[in-house]
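Here our numbering = 1-based position in the sequence shown + 128.
Yeah, the Cβ is synthetic: ideal placement off N, Cα and C, and Gly gets one too.
Just so it is clear, the structure is predicted and the values come from calculations on it, not from any experiment.
Encoded as structure tokens, the structure appears first; notes follow it.
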Amino acid sequence: MLGISLYPEKASFNEMKNYLALAKSYGFQRVFLSLLQIDRNNVSESMEKYLKIIKEAREQEFEVAIDFIPPIFDLLGESYKDLTFLADWEINCIRLDAGMTGKEEAEMTKNPYGIKIELNMSNYSHYLDQILDYGPNRKQLTGCHNFFPQQYTGLSREQFKQYSIKFCQSYLTTAAFVTSQSGEHGPWPLQEGLCTLEEHRHLPIGIQVRDLLQSGLIDDVLIGTMFASEEELRQVSEAAKDSMKKIDITLVEDITAFERQLLFDYTHNYRGDSSDYMIRSTRLRAKIVDKPLPSNHPVQMIKEGDILILNEAYGQYKGEVQIALKDRPGDKKINLVGHIPEDRLFEMKNIQRFEDFRFCEVNKQYD
Numbered sequence: 129m130l131g132i133s134l135y136p137e138k139a140s141f142n143e144m145k146n147y148l149a150l151a152k153s154y155g156f157q158r159v160f161l162s163l164l165q166i167d168r169n170n171v172s173e174s175m176e177k178y179l180k181i182i183k184e185a186r187e188q189e190f191e192v193a194i195d196f197i198p199p200i201f202d203l204l205g206e207s208y209k210d211l212t213f214l215a216d217w218e219i220n221c222i223r224l225d226a227g228m229t230g231k232e233e234a235e236m237t238k239n240p241y242g243i244k245i246e247l248n249m250s251n252y253s254h255y256l257d258q259i260l261d262y263g264p265n266r267k268q269l270t271g272c273h274n275f276f277p278q279q280y281t282g283l284s285r286e287q288f289k290q291y292s293i294k295f296c297q298s299y300l301t302t303a304a305f306v307t308s309q310s311g312e313h314g315p316w317p318l319q320e321g322l323c324t325l326e327e328h329r330h331l332p333i334g335i336q337v338r339d340l341l342q343s344g345l346i347d348d349v350l351i352g353t354m355f356a357s358e359e360e361l362r363q364v365s366e367a368a369k370d371s372m373k374k375i376d377i378t379l380v381e382d383i384t385a386f387e388r389q390l391l392f393d394y395t396h397n398y399r400g401d402s403s404d405y406m407i408r409s410t411r412l413r414a415k416i417v418d419k420p421l422p423s424n425h426p427v428q429m430i431k432e433g434d435i436l437i438l439n440e441a442y443g444q445y446k447g448e449v450q451i452a453l454k455d456r457p458g459d460k461k462i463n464l465v466g467h468i469p470e471d472r473l474f475e476m477k478n479i480q481r482f483e484d485f486r487f488c489e490v491n492k493q494y495d
């Protein structure tokens, strides 16, 4: 499921209403709102803005999730023991940015309204285990990562995987945030991008979405920044629809037309018995037995992320396409044809053995 974020204190009702309609036209179904920054000195007026746009979102058939911390129950004069007020607001999900002891969360999952209790996935601890020990209704228990407004504070890929796997192993639906490069608004006065993974912060939004979904660890993707452009909404929608794993590559300047054809005209497959040094795609070897494939652009040293084609000097291996996973010595029997940009090396790491994938050309040339 794809989602957008709304911050009622940062925009007019009509702006948000129109944004909802635009997002819906591109297949978005979920909206995220944060109650963490509501005006404590004027709760009634602040909530009036929230409830008005929540009603509009529900009328446009969006699922609505609100970010929450336990003290807000007291601020609203409510209790975690009775979620009737959330049902009255037509809330579908309450995300607990900060939790309680585990017992309360488990109890909340048993509410009769079908309201999902969403846990913060980005704080790795025994928190999830504590909740599971109290026997929650797992059908109403999900997880969602944080976004990180300050640059360089987002999760590393290792942390992201570690935290996400724990939820996946418990068969819970997961979500994470990507950031718009055009949206200006977040929940707080300062924001330098609202993404979960730090390495996503300055990447095109479609690449961010593709990465999260291709990781196999995330079900729902939410745009953290408000007012992504229509082009970005389109990119997100297209990335979510495409189940084929993709790897962006730049090409050497002297690549031949035939080498280009081998890269882009076929679907590749990660051979299951490949070594730690490379991803091997061997399907094409049988297709080009009788076609010449001379040496072209050999290099002394093969670097991580290099895209390689074995030339005719390699005998029966001619036409094999490889992606270098580690540095190794070059060989005159191997043609360097391109490279994965450094900021997208993660794409090759999302490909699993026996999986199909395709290459996508990006405009920058690689020398």
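query	result
Are at least three pairs of beta-carbons, each pair with one atom in the segment 451–469 and one in the segment 378–395, less than 8 angstroms apart?	yes
So the alpha helix (DSSP H) S174 belongs to, where does it begin and stop?	171–187
Name, in chain order, the residues that DSSP records as bridge partners for K244.	C221
When burial is assigned at 16 or more other CB atoms within 10 Å of the CB, is M372 buried or exposed?	exposed
Excluding the 5 residues flanking L473 on each side, which residues of the same chain have their C-beta closer than 8 angstroms to its C-beta?	E432, G433
For the beta strand (DSSP E) that L524 lies in, which residues bound it at each end?	This structure leaves residue 524 out entirely; the chain is present only between 129 and 495.
For S499, which option in A215, S292, R338 has the closest C-alpha, if you only look at C-alpha atoms?	Past the edges of the chain, shown from 129 to 495, lies residue 499, and the structure says nothing about it.
Count the C-beta pairs between the segment 132–145 and the segment 253–261 that are closer than 8 angstroms, then say yes if the count reaches three, no if not.	no
Strictly by DSSP, which residues pair up with M429?	P457
What is the C-beta distance between G282 and Y262, in whole angstroms, given that I count them as a contact (C-beta under 8 angstroms)?	Rounded, the Cβ-Cβ distance is 31 angstroms, inconsistent with contact.
To the nearest angstrom, report how far apart L247 and Y299 are at their CA atoms.	14 angstroms
Quick one: what does DSSP say V364 is sitting in, helix, strand or coil?	helix
Using only alpha-carbon positions, find the residue among F156, S133, R266 that is nearest to E189.	F156
Which of helix, strand or coil does DSSP assign to F196?	strand
Please name the residue in T307, R285, Q290, Q444 whose C-alpha comes closest to that of Q278.	T307
Taking only runs of the beta strand (DSSP E) that begin and end inside the segment 269–348, which ones reach a length of at least 3 residues, in chain order?	269–272, 302–306
Nearest-angstrom Cα distance between Y494 and I479?	Reliability of the predicted coordinates at Y494 is poor, the pLDDT of 42 falling under 50, and the value obtained from them is presented with this limitation in mind. Those two C-alpha atoms are separated by around 23 angstroms.
Using 8 angstroms as the cut-off, can you tell me whether the segment 441–459 makes contact with the segment 315–330, which would need three or more C-beta pairs spanning the two stretches below that distance?	no
Alpha carbon to alpha carbon, how far is P332 from A368? Give it in angstroms, no decimals.	14 angstroms
Helix, strand or coil for I132? Go by DSSP, reduced to three states.	strand
Since S207 sits in a beta bridge, which residues does DSSP pair it with?	D210
Taking the CB atoms as reference points, tell me whether Q268 and T237 lie closer together than 7 angstroms.	yes
For the beta strand (DSSP E) containing S409, list its first residue and its last residue.	406–409
Should F196 be counted as a contact of the ligand FMN given a C-beta to heavy atom distance under 6 angstroms?	The model on display carries no ligand, and the ligand FMN is accordingly not part of it.
Taking C-alpha atoms, which residue in L179, G314, I335 lies nearest to R362?	I335
Start and end of the beta strand (DSSP E) containing I435?	434–438
Tell me whether the beta-carbon of I377 lies closer than 7 angstroms to the beta-carbon of F487.	yes
Please say whether I437 and V449 have beta carbons closer to each other than 7 angstroms?	yes
Does DSSP put N478 in a helix, in a strand, or in coil?	coil
Determine the DSSP secondary structure at F201, reduced to helix, strand or coil.	helix
Per DSSP, what are the beta-bridge partners of I451 in this structure?	I407, I435
According to DSSP, is I259 helix, strand or coil?	helix
For the beta strand (DSSP E) that contains R266, what are its first and last residues?	First-last for R266: undefined, no H or E at that position.
Check whether the segment 190–197 touches the segment 386–402, taking contact to mean three or more Cβ pairs, one atom from each stretch, closer than 8 angstroms.	no
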